[in-house]
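> Supplied in structure tokens, the structure appears directly below.
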Amino acid sequence: MRQTLIALSISAAMVAIAGCSKESEPVAKSPAAEQVSESVAATAPVDNVLLAEWSGPFGGVPAFDAMDIAALKPALEFGMAENLAEIDKIANNPEAPTFANTIAEMERSGKSLSRVFTYWGIWSGNMSSPEFRAVQAEMAPKLAAFSSKIIQNDKLFQRVKAVYEARNDADLTAEQIRVVELTYDEFATNGATLSGEAKERYAAINNRLAELHTSFANNVLADEEGYDLFLSEDQLAGLPESFVKAAAALAAEKGQSGKYAITNTRSSMDPFLTYSTKRELRERVWNNYYSRGDNGDEHDNNAIIAEILQLRDERVALLGFDNYAAWRLQNRMAKTPQRAIALMEAVWPAAVARVHEEVADMQAVANAESAGIEIAPWDYRFYAEKVRKAKYDLNSDEVKQYLQLDNLREGMFYVAGELFNFTFTPVEEGSVPVFHEDVKVWEVTDKTSGEHIGLWYLDPFARSGKRSGAWASMYRDHTTFDGKETVLASNNSNFIKGAPGEPVLVSWDDAETFFHEFGHALHFLASNVSYPMLNGGVRDYTEFQSQLLERWLSTDPIIDNYLVHYKTGESIPADLVAKIKQAATFNQGFATTEYLASALVDIKLHTTDPTGIDPDKFERETLNALGMPSELVMRHRTPHFGHIFSGEGYSAGYYGYMWADVLTSDASEAFAEAEGGFYDKEVAAKLVKYLFAPRNAIDPAEAYRLFRGRDAGIEPLMRDRGFPLPGEKSEGTAAAGE
Ligand SMILES: [Zn+2]
Numbered sequence: 105m106r107q108t109l110i111a112l113s114i115s116a117a118m119v120a121i122a123g124c125s126k127e128s129e130p131v132a133k134s135p136a137a138e139q140v141s142e143s144v145a146a147t148a149p150v151d152n153v154l155l156a157e158w159s160g161p162f163g164g165v166p167a168f169d170a171m172d173i174a175a176l177k178p179a180l181e182f183g184m185a186e187n188l189a190e191i192d193k194i195a196n197n198p199e200a201p202t203f204a205n206t207i208a209e210m211e212r213s214g215k216s217l218s219r220v221f222t223y224w225g226i227w228s229g230n231m232s233s234p235e236f237r238a239v240q241a242e243m244a245p246k247l248a249a250f251s252s253k254i255i256q257n258d259k260l261f262q263r264v265k266a267v268y269e270a271r272n273d274a275d276l277t278a279e280q281i282r283v284v285e286l287t288y289d290e291f292a293t294n295g296a297t298l299s300g301e302a303k304e305r306y307a308a309i310n311n312r313l314a315e316l317h318t319s320f321a322n323n324v325l326a327d328e329e330g331y332d333l334f335l336s337e338d339q340l341a342g343l344p345e346s347f348v349k350a351a352a353a354l355a356a357e358k359g360q361s362g363k364y365a366i367t368n369t370r371s372s373m374d375p376f377l378t379y380s381t382k383r384e385l386r387e388r389v390w391n392n393y394y395s396r397g398d399n400g401d402e403h404d405n406n407a408i409i410a411e412i413l414q415l416r417d418e419r420v421a422l423l424g425f426d427n428y429a430a431w432r433l434q435n436r437m438a439k440t441p442q443r444a445i446a447l448m449e450a451v452w453p454a455a456v457a458r459v460h461e462e463v464a465d466m467q468a469v470a471n472a473e474s475a476g477i478e479i480a481p482w483d484y485r486f487y488a489e490k491v492r493k494a495k496y497d498l499n500s501d502e503v504k505q506y507l508q509l510d511n512l513r514e515g516m517f518y519v520a521g522e523l524f525n526f527t528f529t530p531v532e533e534g535s536v537p538v539f540h541e542d543v544k545v546w547e548v549t550d551k552t553s554g555e556h557i558g559l560w561y562l563d564p565f566a567r568s569g570k571r572s573g574a575w576a577s578m579y580r581d582h583t584t585f586d587g588k589e590t591v592l593a594s595n596n597s598n599f600i601k602g603a604p605g606e607p608v609l610v611s612w613d614d615a616e617t618f619f620h621e622f623g624h625a626l627h628f629l630a631s632n633v634s635y636p637m638l639n640g641g642v643r644d645y646t647e648f649q650s651q652l653l654e655r656w657l658s659t660d661p662i663i664d665n666y667l668v669h670y671k672t673g674e675s676i677p678a679d680l681v682a683k684i685k686q687a688a689t690f691n692q693g694f695a696t697t698e699y700l701a702s703a704l705v706d707i708k709l710h711t712t713d714p715t716g717i718d719p720d721k722f723e724r725e726t727l728n729a730l731g732m733p734s735e736l737v738m739r740h741r742t743p744h745f746g747h748i749f750s751g752e753g754y755s756a757g758y759y760g761y762m763w764a765d766v767l768t769s770d771a772s773e774a775f776a777e778a779e780g781g782f783y784d785k786e787v788a789a790k791l792v793k794y795l796f797a798p799r800n801a802i803d804p805a806e807a808y809r810l811f812r813g814r815d816a817g818i819e820p821l822m823r824d825r826g827f828p829l830p831g832e833k834s835e836g837t838a839a840a841g842e
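Residue numbers for the sequence shown follow my numbering, beginning at 105 and rising by one.
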């Protein structure tokens, strides 16, 4: 039931693949479920290209050159019907349930639909169009209903349960036991263990929650669209030229030619607050943005939040859990809300202390300018930028000249060769179909044995119809239980193509992101698991491997051989690299505190008895109790916190970004301390064996202990952010890099 999981979490998966180095905004949730059409032909449409078995080299590859949007809807309908028929057959098997006739058969099912989802992913991410979005809108509720049908199939669940209960006496391998447990959990956490009235109530709650999540998202959207600010030319002081141009184009698009539109979104708000010298406008933009969903009008989200929290609490009570967070975290690496809270509260005091230092630095700048102000939340970005310029002025154009896209890619291949023993070889042009001429494909083989590992597709450049940002995706999982299937992995970015013959130069941030996404691809390619289920991700763990790989960008062999000037061929100067690293600790008080405030409020909302809760009051009281500095706010205030209320993808899970950061910093120190540094063969072998190859075949906490010999500690993260360690005093502590 590989695709069941995909479909169940279609919106969640979109977040997961896009989440990546920079935190992503959540994708709007699919509409509420409705019935799957039963009038589906029983036989495959013979010439449907999206359903066809993959042919060609390397165990078959997707027919990306023959994709036809007209085939998508019939392919999905057939794929779902075929999968439901497979599931019915498993559920109604007259033989006693066994791993082979139940769990393995479920893992085997849904292959056609899984192929269709590969093409779906290309249309939704790389090649979107109005035609695709129409199919998507029509099919999303049908896909949700399809998933529910499988999860609510009681006969199927009874068989899964029987195998689960006998799992330790059934002569299964450790991997097979893990598949059984994950499968059982998938059903149990979604209400399959309930019966009678409880089951009905559970389903009713889910339906109501789906409506509320959609209303929440729509209200935020309404407040983002309803507060455009149209400026005149004399209100643009301080804004960069590129921003002004974009604002002019936006205003024209909205029928206000000659004006400049500041939209009520992060991408407008953030640069406006950083650069505008008009303080009263900054205050207005800040207020509009942080009041989304909280304006006391028809788009106010407070009542919706209260109802969501109460329903979530009631639903997990049916399953025997004390609170929503306890239910949510049972399968996460953190395991309990208490552990997630403990981590955040350990970092919090240092982050707040750093905010006070940052504010003092900024106040000094304002005083020196005789600005006559006290730093307010709408001043933070503006004065932080002035401090940054004075303290760490990095010329980003200078840095870019050492960051050529092709060289970065070769550098990543070098890292993969050293750590994973992989070789990347371009496939012969035209031998593997691609969906756009920009997409290039490499074969990945083992450097020693020459064994075929998989293919790596790279779609590097921006184009219309392609989603923004960078992401990694998998077209085919590594599995061996049913004959070996090799990995088809892809990386996708939005670099701007250079002029013909000119190298593509990128920023340091973009170079880090490029390495980050490659980390996801290596995580896919390194898989040695037998069953599709085990390739699944764990929310607070899957960003760790990719974040870790970013660290190799600034290792010596990469600096010396790949970060070379595009004209002179000289390596990037050491002092420039030092400057870049030092600048990374800049403004960490702000970034860490605004993030932690959101993450703490999230988990506290989901561990508190929500009876009669007033979300605004709860937020205010929680932040007061924490000692939130008055000069900044939560990164996402409760009334527009889409990660946790537009769906359940990150609810009680926003802490996960920091959880992965802790692992990243701690694992990175394992290399830094090793004799061979970041290329130490022994640590690299452990990295691949315990942290990459097992995917989800080993409990992540146990896998980390196997790698490190202990649990991760927070000290490395504190050092990376330039924070004093717990017990140390803030004042006079050297920042990292000094
Ligand atoms: Zn990522």
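All C-beta atoms in this analysis are idealised placements derived from N, C-alpha and C, irrespective of residue type, glycine included.
Measuring CB atoms only, is the segment 306-317 touching the segment 283-293, in the sense that at least three cross pairs come out at less than 8 Å?
The segment 306-317 vs the segment 283-293: no contact.
> Whole angstroms are fine: how far does the CA of residue 768 sit from the CA of residue 820?
Going by the C-alpha atoms only, they are around 9 Å apart.
> Which same chain residues end up closer than 7 Å to residue 675 when comparing Cβ atoms and leaving out the 5 residues on each side of it in sequence?
Taken in chain order, the residues that qualify are 663, 664, 667, 668.
> Hey, how far is the Cα of residue 357 from the Cα of residue 367?
Going from the Cα of residue 357 to the Cα of residue 367 covers about 12 Å.
> Who are the Cβ neighbours of residue 144 in its own chain at under 7 Å, not counting the five residues just before and after it?
Unreliable positioning characterises residue 144 in this predicted model, as indicated by a pLDDT of 41, which lies under 50. The coordinate reading is nonetheless provided below. 181, 182, 185.
> From residue 800 to residue 226, what does the alpha carbon distance come to, in whole angstroms?
Taking the straight line joining both Cα atoms gives about 25 Å.
> Who are the near neighbours of residue 829 in its chain, counting only those whose CB is closer than 7 Å to its CB and skipping five residues on each side?
Excluding residues within five positions, the ones whose Cβ falls inside 7 Å are 819, 822.
> My guess is that residue 432 and residue 756 are in contact by the Cβ rule of under 8 Å, so how many angstroms apart are they, rounded?
About 4 Å; that satisfies the 8 Å criterion.
> Have a look at the DSSP bridge pairing and note the partners of residue 409.
Note: residue 409 sits in no beta bridge, so no partner.
> How would you label residue 365, buried or exposed, when you count the other beta carbons within 10 angstroms and need 16 or more for buried?
With 16 or more Cβ atoms within 10 Å of its Cβ, residue 365 is classed as buried.
> Using three-state DSSP, classify residue 505 as helix, strand or coil.
Reduced to three states, the DSSP call for residue 505 is coil.
> Is the separation between the beta-carbon of residue 484 and that of residue 735 shorter than 8 Å?
Yes, the pair counts as a contact, with Cβ atoms nearer than the cut-off.
> DSSP three-state label for residue 744, please.
It is helical.
> To the nearest whole angstrom, what separates the beta carbons of residue 711 and residue 427, a pair I think is in contact under 8 Å?
That belief holds up - the Cβ atoms of residue 711 and residue 427 are roughly 5 Å apart, short of 8 Å.
> Going by CA-CA distance only, name the one from 575, 591, 612 that's closest to residue 598.
With distances taken between Cα atoms, residue 598 lies closest to 575.
> Counting only runs that start and end within the segment 583-632, where is the alpha helix (DSSP H) found for 4 or more residues in a row?
The qualifying runs are 612-629.
> Going by CA-CA distance only, name the one from 411, 362, 354 that's closest to residue 372.
Looking at the Cα atoms, 354 is the closest of the given residues.
> So what does DSSP say about residue 336, is it helix, strand or coil?
Reduced to three states, the DSSP call for residue 336 is coil.
> Which same chain residues, not among the five before or five after residue 732, have their C-beta less than 7 Å away from its C-beta?
Answer for residue 732: 701, listed in chain order.
> Thinking C-beta only, is residue 230 closer than 8 Å to residue 563?
Going by C-beta atoms, residue 563 is nearer than 8 Å to residue 230.
> If you measure from the CB of residue 620, is any heavy atom of ligand 1 nearer than 7 Å?
Yes, the Cβ of residue 620 comes within 7 Å of a heavy atom of ligand 1.
> Could you tell me whether any non-hydrogen atom of ligand 1 is closer than 7 Å to the CB of residue 616?
Outside the cutoff, so no.
> What are the residues that DSSP puts in a beta bridge with residue 530?
Paired residue(s): 546.
> Relative to ligand 1, is the shortest distance from any of its heavy atoms to the C-beta of residue 624 smaller than 7 Å?
Yes; taking the cut-off as 7 Å, the Cβ of residue 624 has a heavy atom of ligand 1 nearer than that.
> Report the three-state DSSP secondary structure of residue 218 (helix, strand or coil).
Helix at residue 218.
> Using only the heavy atoms of ligand 1, determine whether one of them is closer than 7 Å to the beta carbon of residue 650.
At least one heavy atom of ligand 1 is nearer than 7 Å to the Cβ of residue 650, so yes.
> Taking the continuous beta strand (DSSP E) assigned at residue 441, which residues delimit it?
Segment 441-472 is the alpha helix (DSSP H) holding residue 441; no beta strand (DSSP E) there.
> What does the alpha-carbon distance come out to for the pair residue 653 and residue 620?
Their backbone Cα atoms lie some 6 Å apart in a straight line.
> Give every residue of the same chain whose Cβ lies closer than 6 Å to the Cβ of residue 429, excluding the five residues on either side of it in the sequence, and list them in chain order.
Result list for residue 429: 441, 707, 710, 711, 756, in chain order.
> Taking just the CA atoms, how far does residue 446 sit from residue 730?
Taking the straight line from one Cα to the other gives about 13 Å.
> Using a Cβ-based criterion (distance less than 7 Å to any ligand heavy atom), does residue 654 qualify as near ligand 1?
Not under cutoff, so the answer is no.
> Given the structure, does residue 647 come close to ligand 2, in the sense that its CB is under 7 Å from one of the ligand's heavy atoms?
Of the ligands one can find in the structure shown, namely ligand 1, none is ligand 2.
> Please state whether DSSP places residue 563 in a helix, a strand or coil.
In the structure shown, residue 563 sits in a strand (DSSP, three-state: E or B).
> Within this structure, are the beta carbons of residue 206 and residue 194 separated by less than 8 Å?
Yes, the pair counts as a contact, with Cβ atoms nearer than the cut-off.
> For residue 575, which residues does DSSP report across the bridge?
Paired residues: 596.
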